[in-house]
Amino acid sequence: MNIFCAGINHQTAPVHIREKFSVGSHELGETLAQVRAIDGLGGAVILSTCNRVEFYAASVCPIRGLDGIRQLLRDRTGESNPPFYSHDSPRSVRHLFRVASGLDSMVIGETEILGQIKQAYTMASQHGATTRHLNRLFQHAFRVAKQVRSETQITRGATSVGAVAVDLAGKIFGDLAGRKVMILGAGETSERTARSLVSRGVRTIIVANRTFDRAAALAEEIGGLAVHFDHWHNAFDDVDILICSTAAPHPIVTREKLEPILCARAGRPLFVIDLAVPRDVDPSVNDLENVYLYDMDSLEGIVRQSLDVRGAEIVRCEKIIDLHVMDFITWSRTHADKIR
Amino acid sequence: MIPHFLLAATFFFFLSFGYTLFTLGAGRFRSGSFNPLAMSVGFVLLSLDLWQRGNAQSSCPINSLYDVLIFMSWAIVLIYLIVGSTYRLSLMGAFTSPLVFCILLVAQLAPIPREAVPRLVVEPLIEFHASVSLIAYGAFALAAVAGFMYLVQDRQLKQRKLGPLLLNLPPITELGVATGRLLILGFSLLTAGFLAGLISGMPVNTLKFGASAGIWAVYGCIVLLHCSRRLAPRRIAGLSLLVFSIVLCTLPVIQKLSALR
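What follows is the structure, encoded as structure tokens:
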């Protein structure tokens, strides 16, 4: 019994190609039925995400199965030569285990893909499109992904500026529910960062922007409160997290401005995220007690550090995966099925 | 001869510390059940050791510096087990186990008086005074541990370094709260112990009384500054570490003065 996979991903095809092959949930049942109708294929699982479209199938003759899938795709998309890669056992097994572990993702170690694979498998199973070998393969893939996650640091650290900001806020305040955020300058990055914080429980957001209308619009969008830019320090007393991203040519938050405000805060920490270039916050603010200042460079530095840590873990992950591939292939050889 | 229970307890505290150090170094640290388990086993073994020596001395086993160090280690672990489970402060065990391990090592290896000075009168109030005062020191020790963790976390956040410690240490705000509460707990216990000592009317060396009152007053000031929020959490953390280090160093002197009666 051979497991084979065929597909495209973000490494092999740009988005305008990938979107042609995407299989939406509304057409999944029909597509699975078409794949199962291919001569020599006992079953299939279709994984369709924004970064990849992959077909996994069990077959005694992978070449025939692959030809059938290519023909199906030609009929679906009108592309005469779909730019698909294909693997058969054991490479196909290793490929699925790597995908499930996040090693084949755009951001190495991301965990969303595992949920997507689980969903694809569940859908195929519900449509009766899985076989004993596919069931075993996917259950094994889930186990591998779990082991890789728990025994290595492949998912360690945050990999975007927003995620780093949220992680750091957690390291400073613990629970973010009830924390107050102020946005100075309603830029796109500050908005994204604020949204990330809202997703972690922040309830109160104050937006100050040179153009009040823009502040009001953003405040309405994220359920916050707009204040006039010139009066931002009047609303600052209870703020826990300050996000700055104005287009000011010089620092607008200085040590001299913050010091008197901090005196009234009774030792409460202040997390300052400076996303502006040129910087909005004087670097000496970080020397103030209970103030933690992170600018773009330091946030991106942490992102790079996380990615380096994850990159360095790949070898350990591959070793775990290799052991499981051998394990699965051994099982597969001793449990050969007959296909139509 | 070192009692077996004590030796085994020391081993478990070393195991807890070594395990955390290894897993942190290998980047595999997870806030699991190993540390609390190792500390709990160590605590049970220490309790058995205290029980054994208490029986032999027919009083609370705090009649020599050796006894005091072991009783204080027991008190530190007791407070850790209560605080650790209440606040779920990850890595606190990793910082507590080396402290306990070092105190036990000093107790067992350093040339300190081991012979228990027999009590002339075994009075419940005096027993209460001595034991509660040492449990208070256990709370101060934990406050120093939480304070040290606070300072480490503060330094890492200020330097913007994302080491394994930053990832595993509890949020700095929670460490500040824990330090403050442990100081309040320690101060309350110390006050209770102090009052019990005064009420018992036991004869006391003036120097010992002065030193104890001094420690009580210093911790009282720190607690007052903390409660009135006049001092930043970072300074409270630094003070709790500094004062406890001084108290630990002066413990042999106080014990010696106690023995003079």
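Just so you know, the protein sequences line up as chains Y and X, in that order.
Quick note on the numbering used here: the first sequence kicks off at 3 and runs consecutively.
Quick note on the numbering used here: the second sequence kicks off at 27 and runs consecutively.
Ideal Cβ positions, reconstructed from N, Cα and C, are used throughout, including at glycine.
Where does residue i sit, in a helix, a strand or coil, going by DSSP?
i: A228 (chain Y); result: strand
i: E223 (chain Y); result: helix
i: S50 (chain Y); result: strand
i: A167 (chain Y); result: helix
i: V327 (chain Y); result: helix
i: M228 (chain X); result: coil
i: V279 (chain Y); result: coil
i: E141 (chain X); result: coil
i: I341 (chain Y); result: Below a pLDDT of 50, predicted positions are generally treated as unreliable, and I341 (chain Y), at 44, falls in that range; no measurement from the model is reported.
i: F69 (chain X); result: helix
i: L257 (chain X); result: coil
i: G45 (chain Y); result: strand
i: I245 (chain Y); result: strand
i: F43 (chain X); result: helix
i: N89 (chain X); result: coil
i: P18 (chain X); result: Absent from the model: residue 18 (chain X). The displayed extent of chain X is 27 to 287, so no value can be given.
i: L98 (chain Y); result: helix
i: K173 (chain Y); result: helix
i: R158 (chain Y); result: coil
i: V178 (chain X); result: helix
i: S127 (chain Y); result: helix
Apart from the five residues just before and just after residue i, which ones in its own chain have a Cβ nearer than 8 Å to its Cβ?
i: L215 (chain X); result: V158, S159, I161, A162, A165
i: I88 (chain X); result: V94, F97, A156, S157, L160
i: V229 (chain Y); result: I208, V209, A210, A217, N236, A237
i: V146 (chain Y); result: F99, A102, S103, I322, I323, H326
i: V279 (chain Y); result: M298
Here's a check: name, in chain order, each residue in its chain whose Cβ is nearer than 6 Å to the Cβ of residue i, leaving out the five neighbours to either side.
i: A35 (chain X); result: G68, L71, L72
i: E200 (chain X); result: none
i: L3 (chain X); result: Residue 3 (chain X) is absent from the structure shown; chain X starts at 27 and stops at 287.
i: W242 (chain X); result: L216, F220
i: S286 (chain Y); result: R257
i: L257 (chain X); result: L251
i: I185 (chain Y); result: S192, A196, V209, I245
i: R255 (chain X); result: none
i: G70 (chain Y); result: I40
i: D169 (chain Y); result: A160
So is residue i buried or exposed if we call it buried at 16+ other beta carbons inside 10 Å?
i: Q179 (chain X); result: buried
i: C246 (chain Y); result: buried
i: G26 (chain Y); result: exposed
i: Q155 (chain Y); result: buried
i: P84 (chain Y); result: buried
i: N81 (chain X); result: exposed
i: T51 (chain Y); result: buried
i: C86 (chain X); result: buried
i: E222 (chain Y); result: exposed
i: D276 (chain Y); result: buried
i: E153 (chain Y); result: exposed
i: H129 (chain Y); result: buried
i: E261 (chain Y); result: exposed
i: S198 (chain Y); result: buried
i: S82 (chain Y); result: exposed
Identify the residues that DSSP records as bridge partners of residue i: which are they?
i: Y87 (chain Y); result: Y:G9
i: Y294 (chain Y); result: Y:F273
i: T206 (chain Y); result: Y:K182
i: V255 (chain Y); result: Y:V283
i: F57 (chain Y); result: Y:A8, Y:I48
i: N211 (chain Y); result: Y:H230
Identify, in the order they occur along the chain, each residue of the same chain with its Cβ nearer than 7 Å to the Cβ of residue i, setting aside the five sequence neighbours on each side.
i: E193 (chain Y); result: L220
i: I341 (chain Y); result: Because I341 (chain Y) sits at a pLDDT of 44, beneath the cut-off of 50, its placement in the model cannot be relied upon, and the following sentence gives the value as read from the coordinates. The residues are G42, G44, S61, V62.
i: I174 (chain Y); result: P271, F273, Y294
i: Q149 (chain Y); result: I322
i: L211 (chain X); result: A165
i: L105 (chain Y); result: I316, C319
i: L151 (chain X); result: A222, I225, S226
i: I198 (chain X); result: Y176, Q179, D180, L183
Closer than 8 Å, CB to CB, is residue i near chain B or not?
i: S300 (chain Y); result: Of the protein chains in this structure, namely Y and X, none is chain B.
Is the number of C-beta pairs between the segment 111 to 124 of chain Y and the segment 150 to 160 of chain Y that are closer than 8 Å three or more?
-> Touching, yes.
Are three or more beta carbon pairs between the segment 59 to 71 of chain Y and the segment 306 to 313 of chain Y nearer than 8 Å?
-> Below 8 Å, too few C-beta pairs join the segment 59 to 71 of chain Y and the segment 306 to 313 of chain Y to call them touching: fewer than three.
The segment 88 to 108 of chain Y touching the segment 3 to 11 of chain Y, judged by at least three CB pairs closer than 8 Å | Touching, yes.
Count the CB pairs spanning the segment 135 to 145 of chain Y and the segment 94 to 104 of chain Y that are closer than 8 Å, and state whether there are at least three.
-> Using a Cβ-Cβ distance cut-off of 8 Å, the segment 135 to 145 of chain Y and the segment 94 to 104 of chain Y are in contact, since at least three pairs of beta carbons, one from each stretch, lie closer than that value.
Would you check if there are 3 or more beta carbon pairs closer than 8 Å linking the segment 314 to 321 of chain Y to the segment 278 to 296 of chain Y?
-> Three or more beta-carbon pairs separated by less than 8 Å are not found between the segment 314 to 321 of chain Y and the segment 278 to 296 of chain Y, which leaves the two stretches without contact.
Touching or not, the segment 322 to 331 of chain Y and the segment 175 to 194 of chain Y, by the rule of three or more beta carbon pairs under 8 Å?
-> Because the criterion of three Cβ pairs below 8 Å is not met, the segment 322 to 331 of chain Y and the segment 175 to 194 of chain Y do not touch.
Segment contact, 8 Å Cβ cut-off, at least three pairs: the segment 219 to 236 of chain X with the segment 201 to 209 of chain X | Not touching, per the Cβ criterion.
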